[in-house]
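Engineer: For the sequence shown, the numbering used here gives the first residue as 1266, with consecutive numbering after it.
Just so you know, even glycine gets a beta-carbon here, dropped at the ideal spot from N, CA and C.
Predicted, not measured: the structure shown is a model, and the values here were computed from it.
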Amino acid sequence: MTKGAPASPVPDIAEGFRAAMRGVASTVTIVTAGDSARHHGMTATAVMPVSMDPPSLAIAINRKTLLYDILMSARGFCVNILDKGQESVSTAFSGALPGSERFSRGEWAYTATGLGYLRDAQASIFCSRAAALPYGTHSLFIGEVTDIARGDGLSPLLYLNAAYCQPLPRSNHN
Ligand SMILES: Cc1cc2nc3c(=O)[nH]c(=O)nc-3n(C[C@H](O)[C@H](O)[C@H](O)COP(=O)(O)O)c2cc1C
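Structure representation (structure tokens):
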């Protein structure tokens, strides 16, 4: 429900939506996945917790991407929550580097099944693929959490207004 009139009328819904979403600060992650033939990773901020029982999350992936294609046949995926110092990893995994070179940026390790995870991420959340729901340009993939690796830090890389930033510690004085 809105209180009074909107601040300014929105002539084009898609542009208005884009502009409004630019004002939402999101935590930057790298989602990795592989199938029998391929392994890939991509920067994603459309990540949200879904349920605590079972512990699960959702990622929204554009169906034009290679990762989408792989996720359709993958058994699972890993969501690596980036630390504030890992902007160059995000840049590499969002198109600055071709897929074959991306894992040279950052300290990657691999599970027994070959799934890449970032050693010094704030956290790496391993999921088995529980469901896929196509909607519009994207598909939502629901992952059931199977394992977690966590570092000590709690200072994630954020994305706001098409730029990288980091959280400011809250002042204790007010
Ligand atoms: C900060 C940031 C967040 C992004 N979040 C998403 C996302 O949640 N879902 C998505 O499909 N693409 C997202 N993208 C776009 C993909 O990372 C980008 O299109 C990537 O190049 C696609 O991978 P590909 O080159 O392997 O196809 C994001 C890009 C940036 C820079």
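Give me the pocket residues for ligand 3, defined as CB within less than 5 Å of any heavy atom, sorted by chain position.
Structural biologist: Summarising the ligand content, the structure contains ligand 1 and does not contain ligand 3.
Engineer: For the candidate residues Val1410, Gly1281 and Pro1432, whose alpha-carbon lies nearest to that of Asp1318?
Structural biologist: Val1410
Engineer: In this structure, does DSSP put Leu1322 in helix, strand or coil?
Structural biologist: strand
Engineer: Could you tell me how far apart the beta carbons of Leu1423 and Val1293 are, in whole angstroms, since I believe they sit closer than 8 Å?
Structural biologist: Going by Cβ atoms, the distance from Leu1423 to Val1293 rounds to 7 Å, so yes, they are a contact pair.
Engineer: Please report the straight-line C-alpha distance between Thr1308 and Pro1276, rounded to a whole angstrom.
Structural biologist: For Thr1308 and Pro1276, the gap between their C-alpha atoms comes out near 31 Å.
Engineer: Excluding the 5 residues preceding and the 5 following Pro1320 in the sequence, name in chain order all residues of the same chain whose CB lies nearer than 6 Å to its CB.
Structural biologist: Val1410
Engineer: CB-CB under 6 Å to Ala1397, same chain, minus the five flanking residues each way: which ones, in chain order?
Structural biologist: When the five nearest sequence neighbours on each side are left out, the beta carbons in the same chain lying within less than 6 Å of the beta carbon of Ala1397 are those of Ser1404 and Phe1406, in order along the chain.
Engineer: Answer yes if the segment 1276 to 1290 comes into contact with the segment 1358 to 1375, meaning at least three C-beta pairs across the two stretches below 8 Å, and no otherwise.
Structural biologist: no
Engineer: Just the C-alpha distance for Tyr1400 and Ser1301, rounded to the nearest angstrom, thanks.
Structural biologist: Rounded to the nearest angstrom, the two C-alpha atoms are 26 Å apart.
Engineer: Excluding five sequence neighbours on each side, which residues of the same chain lie with their C-beta closer than 7 Å to the C-beta of Tyr1333?
Structural biologist: Ile1326, Asn1327 and Ser1404
Engineer: Assign Phe1358 to one of three DSSP states: helix, strand, or coil.
Structural biologist: helix
Engineer: Distance check for Leu1322 and Met1266, CA to CA, integer angstroms please.
Structural biologist: Model confidence at Met1266 stands at a pLDDT of 39, short of 50, so the residue's coordinates are unreliable and nothing is read from them.
Engineer: Quick one: what's got a C-beta closer than 7 Å to Leu1331's C-beta in the same chain, skipping five residues either side?
Structural biologist: His1305 and Gly1364
Engineer: Less than 8 Å between C-beta atoms, sequence neighbours within five positions excluded: which residues of the same chain meet that for Gly1379?
Structural biologist: The beta carbon of Gly1379 lies closer than 8 Å to those of Gly1299 and His1304 in the same chain, with the five residues before and after it left out.
Engineer: By the three-class DSSP mapping on this structure, what secondary structure does Met1266 have?
Structural biologist: Any reading at Met1266 needs caution, since the residue's pLDDT is 39, under 50, leaving its predicted position unreliable; the model's value is listed next. Met1266 falls in the coil class under three-state DSSP.
Engineer: Output the distance between the C-alpha atoms of Gln1431 and Met1313, rounded to the nearest integer angstrom.
Structural biologist: 19 Å
Engineer: When burial is assigned at 16 or more other CB atoms within 10 Å of the CB, is Phe1391 buried or exposed?
Structural biologist: buried
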